[in-house]
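Read top to bottom, the protein sequences are chains Y and R. Residue numbers are given in the working numbering: position 129 of the first sequence equals residue 129, and the series is strictly consecutive. Quick note, the working numbering runs 1000 ahead of the 1-based positions in the second sequence. From the three backbone atoms N, C-alpha and C, an ideal C-beta is built for every residue, glycine too.
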Amino acid sequence: MNHNLLSLLLLFGSLSLASVGGGSTVIPDIHREAVMVRHWMSDADFVAAFAIAQAAPGPGSLLVALVGWKAAGWPGAVVASAAMFGPACILTYFSSRLWLKFRDSRWQIAIEKGLAPIAIGLIFASGWVIAREVSHGLLSYAFTAATIWVVARTGFNPVFIMVLAGLAGLVGLM
Amino acid sequence: MGCFLLDTMSDNQPAPRSMQRVRLWDIATSYLRISLSSFGGGLSAWAQLVVVDQRKWLTDEEFLSALALCRILPGPNQVNFAVYVGSRLRGIAGVLAALAGLIVIPFFIVLLMGIAYFQYQYLSGVQSALRGMAAVAVGMTGGMGLKLALRYPFNFWSMLIMAAAFITIGILRWPLLPVLAVLIPISVGLAWNRVPEARPPGEENHES
């Protein structure tokens, strides 16, 4: 295993278990290692990789695949992704087995009921935080508001608004 | 109203005996749909739409509590959530099916987009299209929150807890773990009193 692959494995393997609160919490650490310490990519490359991973389908944490690719080509992309997802998935698997084993005990029902309002508050919080970064201009707010209405109050698939908004951006309206 | 109509698999039934055995193929293709739909973001909103509203694999409350669990555990939230759903439905084979659907094809899409960008730098013209799609992704997250909030049987205290979570994390930007360390015991303690000793089928969910 070459040196870069080993570095990727160790770096993302440890960040996987450090990413408490979600993949975006370790982005500053990924940036420091990939750009400042190991010089796998430039600052501009990192920002572009972040935007691409956010926009592309799938989890935004696939950013690490791009970092891995920059560091060591295709093997690097595979190693970085496996290291980033593997340990956290294994931990979640055993936690969820444990959780499901006690299904319907009184304390678990209480935890479910207690967690629900917190989770709803956190969902609004994530929406709010991203909104402050991406929303500029009347049309952008209009698209956001229309989507909220469609998702919350109708059963329609919101993908058509997504396409419309993409086109509006493409022709320079946003 | 119309909230907990998912009674065929109401959460008083132990999983997964209460439902028909879900096919691995269905888990993988549902997760592939979730991930491919999340162009521009909104992964968790798509997961809610497919897993809860369409497939009815989880109830609202199980979805919300699993989501909270997955946020506390390290790792990308939606990847963790896919692990939960897969393991809930079909154990370790279900986990692998859900992860295959969620990650494998997007892995290649991200790499191809990235390689195209790094080698030709021609993606910058698409930036504003991405911005438009991001505005919709924000709306999807907000809409999902609103939908779940409208279906949830709030009382005064749970409303207060929800507001506290939103304000501390969303507006004040306090770190997640200390906030949860305070809010979870309070909220679970308040909920404890509302859980009857031996839980009659479908209690409480049917009102409101």
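Selection from 1032(R), 1146(R), 1110(R) that minimises the alpha carbon distance to residue 122(Y)
Taking the first residue of the first sequence as 1, we reach residue 122(Y) at position 122. Here the closest residue by C-alpha is 1146(R).
Using 8 Å as the cut-off, can you tell me whether the region 104-112 of chain Y makes contact with the region 1078-1090 of chain R, which would need three or more C-beta pairs spanning the two stretches below that distance?
The region 104-112 of chain Y makes no contact with the region 1078-1090 of chain R, as fewer than three CB pairs between them are under 8 Å.
Got a sec: is the Cβ-Cβ distance from residue 1078(R) to anything in chain Y below 8 Å?
Walking along the second sequence from the start, residue 1078(R) turns up at place 78. Closer than 8 Å to some Cβ of chain Y, the Cβ of residue 1078(R) qualifies, so yes.
Buried or exposed for residue 1092(R), please, with buried defined as at least 16 other CB atoms from any protein chain shown within 10 angstroms of its CB.
Here residue 1092(R) corresponds to residue number 92 of the second sequence, with the count starting at 1. That one is exposed.
Given a cut-off of 8 Å, decide if residue 1172(R) and residue 152(Y) are closer than it, judged by their beta-carbon atoms.
On the first sequence, residue 152(Y) is found 152 positions in, with the first residue counted as 1. On the second sequence, residue 1172(R) is found 172 positions in, with the first residue counted as 1. Going by C-beta atoms, residue 152(Y) is not nearer than 8 Å to residue 1172(R).
Quick one: what does DSSP say residue 1195(R) is sitting in, helix, strand or coil?
One-based indexing of the second sequence puts residue 1195(R) at position 195. If DSSP states are grouped into helix, strand and coil, residue 1195(R) belongs with coil.
Is residue 161(Y) close to chain R, meaning its C-beta is less than 8 Å from at least one C-beta of that chain?
For the purposes of this step, residue 161(Y) is taken as the residue at position 161 of the first sequence. Residue contact with chain R for residue 161(Y): present (Cβ-Cβ distance below 8 Å to some residue of chain R).
Proximal residues to residue 140(Y) (C-beta, below 7 Å), its chain only, five neighbours per side dropped
Walking along the first sequence from the start, residue 140(Y) turns up at place 140. Correct list, in chain order: 174.
Secondary structure, alpha helix (DSSP H): runs of 4+ residues fully inside the region 1144-1179 of chain R
1156-1165
Can the beta-carbon of residue 23(Y) be found closer than 8 Å to that of residue 1133(R)?
Looking up residue 23(Y) in the first sequence gives position 23. Looking up residue 1133(R) in the second sequence gives position 133. Taking 8 Å as the Cβ cut-off, residue 23(Y) and residue 1133(R) do not qualify as a contacting pair.
When you check each C-beta in the region 1096-1113 of chain R against every C-beta of chain Y, which residues fall closer than 8 Å?
1099, 1102, 1103, 1105, 1106, 1107, 1109, 1110, 1111, 1113
What number of angstroms, rounded off, separates the C-alpha of residue 27(Y) from the C-alpha of residue 1109(R)?
By one-based count along the first sequence, residue 27(Y) stands at place 27. By one-based count along the second sequence, residue 1109(R) stands at place 109. Answer to the nearest angstrom: the Cα atoms are 20 Å apart.
Would you mind working out which of 59(Y), 60(Y), 39(Y), 111(Y) sits nearest residue 1066(R), comparing C-alpha positions?
Position 66 of the second sequence, counted from the start, is the residue given in the question as residue 1066(R). When only C-alpha atoms are compared, the closest one is 111(Y).
Give me the subset of the region 81-96 of chain Y whose CB atoms are less than 7 Å from a CB atom of chain R, sorted by chain position.
Under the 7 Å Cβ criterion, the region 81-96 of chain Y contributes 81, 85, 88, 89, 91, 92, 93, 95, 96.
Got a sec: is the Cβ-Cβ distance from residue 106(Y) to anything in chain R below 8 Å?
Residue mapping note: residue 106(Y) aligns to position 106 of the first sequence, counting from 1. Closer than 8 Å: yes.
My parser needs the alpha helix (DSSP H) runs of 4 or more residues fully inside the region 47-127 of chain Y; what are they?
Fully enclosed alpha helix (DSSP H) runs of 4 or longer: 63-101.
With 8 Å set as the bound, which would you pick, yes or no: does the beta-carbon of residue 1195(R) sit closer than that to a beta-carbon of chain Y?
Position 195 of the second sequence, counted from the first residue, corresponds to residue 1195(R). It does; some Cβ of chain Y falls within 8 Å.
In the DSSP output, what is residue 1074(R) paired with across the bridge?
Counting from 1 along the second sequence, the entry for residue 1074(R) is found at position 74. The partner list for residue 1074(R) (beta bridge, DSSP) reads 20(Y).
Excluding the five sequence neighbours on either side, which residues of its own chain have a C-beta within less than 6 Å of the C-beta of residue 1187(R), listed in chain order?
Counting from 1 along the second sequence, the entry for residue 1187(R) is found at position 187. So the list reads 1161, once near-sequence residues are dropped.
Using a C-beta to C-beta distance shorter than 9 Å, which residues of chain Y count as neighbours of residue 1132(R)?
The count along the second sequence starts at 1 and reaches residue 1132(R) at position 132. 139, 140, 143, 162, 164, 165, 166, 167, 168, 169, 170, 173, 174, listed in chain order.
Looking only at C-alpha atoms, which of 103(Y), 87(Y), 71(Y), 81(Y) sits nearest to residue 1118(R)?
As a first step, residue 1118(R) must be located in the second sequence, where it is residue number 118. For residue 1118(R), the nearest C-alpha among the options comes from 71(Y).
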